[in-house]
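Written below as structure tokens is the structure these notes are about.
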Ligand SMILES: C[S@@+](CC[C@H](N)C(=O)[O-])C[C@H]1O[C@@H](n2cnc3c(N)ncnc32)[C@H](O)[C@@H]1O
Ligand code: SF4
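In our numbering, the protein residues as written are 1 to 492.
Given below as structure tokens:
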């Protein structure tokens with residue numbers, strides 16, 4: 001049962017009340033197996049969700065639930081036509097993954113490889129084309145309402161290769177790029193005028209560029225070969241090409257970074273008046289140094305987070321999530337902009353992923369190809385992918401099946417980790433049960449710590465302090481099953 005512990009206000013101006021207790025016995029029609037209650041009990045075990053909440057603010061970035069390390073080979077591999085048969089297909093997200101970069105940054109654990117020769121890029125685009133045909137054939141008059149090209153670094157592709165990619169998006173997948181938001185990631189060195197011209201001409205609404213820091217010594221410390229002059233030139237070219245939304249990624253917690261140098265990066269970023277900014281706490285795995293250092297580093301990152309948040313709020317930005325800030329009114333630029341576009345609902349709607357690092361989501365199955373971070377394995381997965389025959393693209397390979405509890409959990413996680421929080425009526429409409437009852441123990445743990453509040457009628461949201469702890473709260477909301485699968489994967 002959720003206690004009545006008063007919670008900390010997010011800001012003096014916001015009107016909110018302490019979280020109210022959910023009455024016992026008001027659980028609606030969900031069976032115990034479909035609710036979070038059974039998983040919630042495990043929270044009292046050492047290492048369970050309660051302990052995770054207190055283990056430090058930086059346990060892991062939850063950009064998707066469940067994480068790919070919880071996916072397992074699907075036996076037998078289901079045909080995509082079956083996987084998508086009963087799914088709504090009128091509000092889909094198309095994601096294309098380009099697993100190539102011109103550099104490997106010291107901190108990055110994304111699925112990507114460097115130095116891919118031209119022939120490999122061509123073979124990858126050939127494979128994407130075969131996959132697109134197979135996937136389009138398995139769908140039933142799909143309607144894509146938003147699209148994104150991510151990486152790696154999609155602009156590792158030349159202008160001609162980008163044209164080919166956009167052609168297959170339009171012709172094979174049937175995405176109307178003139179009508180839907182399209183987001184594309186880029187890096188300073190690859191954001192060249194010819195590539196940007198192709199992207200602008202074909203309807204890109206949002207460009208997201210990794211900057212990380214405007215201080216050269218810091219990018220060096222993060223093992224990213226980049227000069228500030230190169231960043232400035234790239235931002236100039238992007239603004240000239242005229243995309244509706246520019247997003248900049250910055251990182252805090254880099255060795256040698258101080259409040260003063262962090263402010264310099266924030267100010268330098270704001271000179272470009274970006275419609276969006278992502279502020280990422282640095283993660284380095286495995287964490288080197290002793291526990292003592294880890295705790296100091298946590299405190300340091302938390303202080304830099306608060307400084308960054310306050311700086312951007314004072315500059316007129318609104319906070320969308322722990323990492324994401326945007327100028328009011330810049331809301332529907334596309335995937336990555338927090339909403340995925342005006343028509344796309346990230347809690348509910350499906351995603352079709354193309355490329356060997358992309359995931360696809362239906363309401364009951366999340367699937368992808370094998371996952372890896374280590375350079376050798378990434379290369380092997382890409383090499384396997386480019387050799388796949390057309391029929392191999394018609395099935396799902398590795399994945400995770402979501403039962404009723406997992407669907408509810410995913411909805412809860414994806415809502416609570418956004419500043420606007422969870423719309424309780426929307427949850428009830430979707431599942432027929434109440435979130436406060438389904439996840440009573442989990443929510444009580446957050447409320448006890450002053451990290452959750454009842455914001456107006458029918459809305460649960462993290463407090464300012466809760467939002468700062470998103471990377472502890474997210475993992476603590478994982479089900480026991482997902483935690484076990486992830487632990488088995490890590491142990492391999
Ligand atoms: C796909 S990259 C962005 C585009 C392009 N590849 C680049 O680096 O310029 C995604 C972003 O994730 C963030 N990121 C990646 N690994 C990280 C880590 N270990 N800690 C913090 N942020 C990280 C970086 O800010 C990076 O810009
Ligand atoms: S941060 Fe960007 S450029 Fe660097 S390795 Fe990761 S995806 Fe590639």
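Don't be surprised by glycine CBs; every beta carbon is placed ideally from N, CA and C.
Predicted, not measured: the structure shown is a model, and the values here were computed from it.
Would you say residue i touches ligand 1, meaning its beta carbon is less than 8 Å from a heavy atom?
i	result
residue 282	yes
residue 107	yes
residue 101	yes
residue 312	no
residue 212	yes
residue 349	no
residue 238	no
residue 235	no
residue 266	no
residue 249	yes
residue 209	yes
residue 308	no
residue 60	no
residue 150	yes
residue 65	no
residue 385	no
residue 278	yes
Report the CB separation of residue i from residue j in whole angstroms; it is logged as a contact under 8 Å.
i	j	result
residue 50	residue 445	6 Å
residue 514	residue 296	Outside the modelled stretch of the chain, which goes from 1 to 492, sits residue 514, for which no answer is possible.
residue 251	residue 196	Residue 251 to residue 196, Cβ: 23 Å. No contact.
residue 121	residue 165	Residue 121 to residue 165, Cβ: 10 Å. No contact.
residue 262	residue 246	That belief does not hold up - the Cβ atoms of residue 262 and residue 246 are roughly 20 Å apart, past 8 Å.
residue 321	residue 419	6 Å
residue 113	residue 379	5 Å
residue 188	residue 240	Actually they are not in contact, since the Cβ atoms of residue 188 and residue 240 sit about 15 Å apart, beyond 8 Å.
residue 212	residue 228	In fact, because the Cβ distance is near 11 Å, the residues do not count as touching under 8 Å.
residue 92	residue 351	7 Å
residue 305	residue 464	No, residue 305 and residue 464 are not in contact; Cβ-Cβ is about 11 Å, not under 8 Å.
residue 100	residue 116	5 Å
residue 371	residue 111	7 Å
residue 401	residue 460	Going by Cβ atoms, the distance from residue 401 to residue 460 rounds to 27 Å, so no, they are not a contact pair.
residue 315	residue 270	6 Å
residue 359	residue 64	7 Å
Got a sec? Which residues, its chain only, sit under 8 Å from residue i by beta carbon, not counting five neighbours each side?
i	result
residue 26	Because the pLDDT of residue 26 is 29, which lies under 50, any placement of that residue in the model is unreliable, and the question is left without a value.
residue 282	107, 222, 251, 252, 253, 254 and 301
residue 264	214 and 215
residue 326	275, 276, 277, 317, 318, 320, 337 and 338
residue 354	94, 95, 96, 97, 128, 131, 132, 135 and 173
residue 55	472
residue 73	397 and 398
residue 362	83, 84, 87 and 350
Does any heavy atom of ligand 2 sit closer than 8 Å to the C-beta of residue i?
i	result
residue 112	yes
residue 153	yes
residue 187	yes
residue 224	yes
residue 104	yes
Please go through the same chain and pick out, in chain order, the residues whose beta-carbon is closer than 6 Å to the beta-carbon of residue i, but skip the five residues on each side of it.
i	result
residue 493	Nothing about residue 493 can be reported from this structure: the residues present for the chain run from 1 to 492 only.
residue 202	166 and 177
residue 414	346 and 347
residue 129	168
residue 456	none
residue 257	218
residue 494	Nothing in the structure corresponds to residue 494, since the chain is present only between 1 and 492.
residue 369	356 and 397
residue 142	89 and 92
residue 154	98, 184 and 185
residue 328	318
residue 313	none
With a CB to CB cut of under 7 Å and the five nearest residues on each side skipped, what residues in its chain are close to residue i?
i	result
residue 394	79, 80, 134 and 138
residue 198	159, 162 and 163
residue 204	182, 184 and 243
residue 287	Unreliable placement is indicated for residue 287, whose pLDDT of 46 sits below 50; the coordinate value is still reported in the next sentence. These residues qualify, in order along the chain: 294.
residue 466	446, 451, 452 and 473
residue 330	245, 275 and 276
residue 518	Since the first and last residues shown for the chain are 1 and 492, residue 518 lies out of range.
residue 77	395, 396 and 397
Between the segment 401 to 420 and the segment 83 to 91, do three or more beta carbon pairs fall short of 8 Å? no
contact_flag[the segment 179 to 186, the segment 150 to 162] where n(CB pairs < 8 Å) is 3 or more: Contact between the segment 179 to 186 and the segment 150 to 162 is present, because at least three Cβ pairs lie under 8 Å.
Examine the Cβ distances between the segment 420 to 432 and the segment 156 to 170 and report whether three or more of them are shorter than 8 Å. In short, these stretches do not touch, since the Cβ pair count stays below three.
Would you call the segment 466 to 476 in contact with the segment 50 to 61, where contact means no fewer than 3 C-beta pairs closer than 8 Å? yes
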